[in-house]
Amino acid sequence: MMKKLIKLLLAGTMTMCLAACGSSESSSGGEASGSEDASELVKAAQAEGELIVYGSCEEDYLAAATKHFEELYGIKTTYQRLSTGEVQSKIEEENGNPSADVWFGGTTDPYNIAASKGLLEAYEAKNASHLISDAYRDKDGYWYGIYKGILGFMVNTDELKRLGLDAPKDWQDLLDPKYQGRIWLSNYNTAGTAKLVVNTMIQKYGHDEGIQYLVDLDKNIQVYTKSGSGPSKNIGTGECVIGIGFLHDGIYQITDNGYGNIGLIIPSTGTSYEIGATAIFKGVKHPNAAKLWIEYALSPECVELAAQNGSYQFLVLDNAKQPELATEFGLDPNNVMDYDFEDAKQNTEKYISEVMNALGGGDDRFQTE
Numbered sequence: 000m001m002k003k004l005i006k007l008l009l010a011g012t013m014t015m016c017l018a019a020c021g022s023s024e025s026s027s028g029g030e031a032s033g034s035e036d037a038s039e040l041v042k043a044a045q046a047e048g049e050l051i052v053y054g055s056c057e058e059d060y061l062a063a064a065t066k067h068f069e070e071l072y073g074i075k076t077t078y079q080r081l082s083t084g085e086v087q088s089k090i091e092e093e094n095g096n097p098s099a100d101v102w103f104g105g106t107t108d109p110y111n112i113a114a115s116k117g118l119l120e121a122y123e124a125k126n127a128s129h130l131i132s133d134a135y136r137d138k139d140g141y142w143y144g145i146y147k148g149i150l151g152f153m154v155n156t157d158e159l160k161r162l163g164l165d166a167p168k169d170w171q172d173l174l175d176p177k178y179q180g181r182i183w184l185s186n187y188n189t190a191g192t193a194k195l196v197v198n199t200m201i202q203k204y205g206h207d208e209g210i211q212y213l214v215d216l217d218k219n220i221q222v223y224t225k226s227g228s229g230p231s232k233n234i235g236t237g238e239c240v241i242g243i244g245f246l247h248d249g250i251y252q253i254t255d256n257g258y259g260n261i262g263l264i265i266p267s268t269g270t271s272y273e274i275g276a277t278a279i280f281k282g283v284k285h286p287n288a289a290k291l292w293i294e295y296a297l298s299p300e301c302v303e304l305a306a307q308n309g310s311y312q313f314l315v316l317d318n319a320k321q322p323e324l325a326t327e328f329g330l331d332p333n334n335v336m337d338y339d340f341e342d343a344k345q346n347t348e349k350y351i352s353e354v355m356n357a358l359g360g361g362d363d364r365f366q367t368e
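Per numbering that gives the first Met the number 0, the sequence shown starts with residue 0, numbered consecutively.
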């Protein structure tokens with residue numbers, strides 16, 4: 000009885016949060032009762048009774064968020080963990096008849112590609128008022144940011160010492176022949192992280208020079224993992240000596256998996272960042288549950304579950320508590336380059352195709368499983 004009462008109180012708290020954010024406006028432009036709007040959305044979502052989530056964040060966080068949503072609202076919630084590139088490919092194949100309702104987590108470049116192809120549903124979320132900047136949302140409401148991750152290098156300090164190698168300090172250092180066969184990155188076709196790397200290099204060095212950089216870097220790459228977090232998972236064991244990816248994944252390996260031999264490096268001439276997002280697919284079977292999910296995803300109740308489940312990204316909501324570990328490891332969410340999301344939105348697919356063509360189409364180092 001007590002457990003049921005707690006769930007009802009939590010659901011009521013969430014409804015009040017939606018009401019507070021939406022009390023001043025309605026979709027018709029007239030004045031409306033925000034509490035009634037929120038209550039009606041909850042009722043409509045509960046009537047649909049189900050929600051299916053494709054998640055591209057780490058599975059522990061995904062599982063915790065979907066479980067909590069189900070507990071709050073009594074809506075059966077299931078998930079499948081896929082990389083952002085896999086989700087993008089899957090909904091392109093489904094072409095307006097998606098097998099899931101919402102997308103949760105993962106970098107925004109694949110979200111923008113999906114939006115440009117008409118595969119995401121615009122929704123003006125009430126809780127978006129808590130985003131710390133309009134930079135953390137699509138201007139038309141096709142996606143909303145929930146966290147920010149810093150791109151960098153992770154190294155196995157034991158292996159570097161054994162090999163007599165110093166750690167790379169910047170992007171150009173990774174091209175040194177002494178690192179041949181020592182670097183892991185993720186697959187440009189399957190991982191949003193790798194797509195961000197492509198866009199970062201092109202924005203940093205220029206189009207031709209950026210692609211040439213990736214061709215030169217390829218000479219030192221041992222493995223391209225399917226998922227962006229793949230390199231981080233193999234640093235502590237020494238299988239991967241240098242990994243390119245998001246530094247919060249390295250923090251997880253250090254603090255949660257106990258790998259004290261991992262060093263984190265922020266490139267000295269600057270780096271970029273991801274906005275982890277959430278969105279509704281076009282043509283979903285549970286549209287109200289999907290809208291309710293977006294409101295939930297933009298609440299402290301959801302995003303603060305990240306740090307409790309090994310995901311230490313910076314949060315982009317003004318009413319959420321930041322994970323202390325990210326700052327303790329020296330990460331600064333503002334110490335990043337001015338990433339051109341519009342260029343990425345328009346050109347990511349073209350850039351990926353150009354890089355893969357320059358690499359001769361790839362080989363068995365490019366993992367897809």
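Note that CB positions come from ideal geometry on N, CA and C, so glycine has one too.
Here the structure is a predicted model, which means the values were calculated and not measured.
Item                                                                                                      : Value
Through-space distance from Ile149 to Pro332, alpha-carbon basis                                          : 7 Å
Distance between beta carbons of Ala190 and Gly227, contact taken as under 8 Å                            : 4 Å
Burial state of Gly257 (16 or more Cβ within 10 Å)                                                        : exposed
Rounded straight-line distance, which links the Cα of Ile74 to that of His285                             : 11 Å
Nearest-angstrom Cα separation, counted from Ser38 out to Gln307                                          : 29 Å
Exposure of Lys290, with buried meaning 16 or more beta-carbon neighbours within 10 Å                     : buried
Sequence ranges, alpha helix (DSSP H) only - wholly within the region 286-361, length at least 4          : 286-296, 299-302, 304-307, 323-327, 340-357
Three-state class that DSSP yields for Ser88 in the structure shown                                       : helix
Exposure label - Pro322; buried when at least 16 CB within 10 Å                                           : buried
Three CB pairs or more closer than 8 Å across the region 135-152 and the region 274-281                   : yes
Separation of Val154 from Trp292, as counted between CA atoms                                             : 37 Å
Same chain, Cβ closer than 6 Å to Asp100, neighbours up to 5 away in sequence not counted                 : Leu50, Ile51, Val283, His285, Ala289
Presumed contact (8 Å Cβ cut-off) between Tyr338 and Gln202, rounded CB distance                          : 7 Å
Where Gln179 sits in the DSSP three-state scheme                                                          : coil
Any beta strand (DSSP E) of 3 or more consecutive residues that is wholly inside the region 181-232       : 182-185, 220-224
Buried versus exposed call for Lys349 [16 or more other C-beta atoms within 10 Å across all chains shown] : exposed
Closer than 8 Å: Asp59 CB and nearest the ligand MN heavy atom                                            : Inclusion of the ligand MN in the displayed structure is not the case, the ligand content being empty and no account of it being possible.
Cα-Cα separation between Val197 and Thr270, rounded to whole angstroms                                    : 12 Å
CA nearest to the CA of Glu294, picked from Tyr122, Gly104, Tyr53, Tyr135                                 : Tyr122
Short Cβ contact (9 Å threshold) for Leu316 with Pro299                                                   : yes
Whole-angstrom C-beta distance between Pro230 and Thr224, which should lie under 8 Å                      : 6 Å
Thr367 (DSSP reduced to helix, strand or coil)                                                            : coil
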